[in-house]
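Since the structure comes first, as structure tokens, the remarks are kept for the end.
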Amino acid sequence: MSEATADVVLREEGHEDYAITDVAALLAEDRDVSPRTRHAVEGLLQRHRLLADELSRQRKLLQEWILSQLTYKALYLQYSGQTPEAPSVELMREKDMVRRRIREQLHAGRDYLSVLDEQSRSLSRP
């Protein structure tokens with residue numbers, strides 16, 4: 001049995017991927033499978049494992065991004081004195097203006113660090 005076949009039991013959110021496990025077991029047991037077919041299936045199993053790993057990584061990144069967004073929103077509301085039910089129209093306009101400016105700079109090819117380094121005066125600051 002090859003390394004790719006032996007290493008193919010996948011877990012996603014605590015559940016085994018039984019279809020993949022069954023394919024790997026069938027491939028390991030069936031001696032009549034041609035080497036070319038075996039190699040192709042092992043390649044697909046390997047690719048599936050890599051995609052599952054990437055999906056897991058992307059989910060973790062998304063969770064961190066959501067946490068970051070909620071943190072910044074909570075701080076924004078706390079320090080601006082707003083509530084989600086009654087946002088300040090002036091601050092919402094300013095937020096939209098800053099967001100547009102940042103989006104334009106990023107679309108123009110600026111990297112995110114240089115965009116953040118640019119200190120612009122906020123309308124809400126004295």
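Residue numbers for the sequence shown follow the working numbering, beginning at 1 and rising by one.
For every residue, glycine included, the Cβ atom is placed at its ideal position computed from N, Cα and C.
A straight-line Cα-Cα distance of about 17 Å links Q78 and E94. DSSP places A86 in the strand class (E or B) of the three-state scheme. Contact between the segment 38-51 and the segment 14-30 is established, with three or more Cβ pairs separated by less than 8 Å. Distance from the Cα of A19 is smallest, within the candidate group H48, D30, M97 and R31, for H48.
G81 carries a coil assignment under DSSP once its states are collapsed to helix, strand and coil.
Where E29 is concerned, the enclosing alpha helix (DSSP H) starts and stops at Y18 to E29. In the three-state reduction of the DSSP assignment, V98 falls in the helix class, which pools H, G and I. In this structure, V115 and Q105 form a Cβ contact; the two beta carbons are roughly 5 Å apart against a cut-off of 8 Å. The closest CA to that of E118, considering only I102, D53, A108 and H107, is found on I102.
Contact between Q82 and L70 is ruled out by a C-beta separation of about 15 Å, above the 8 Å threshold.
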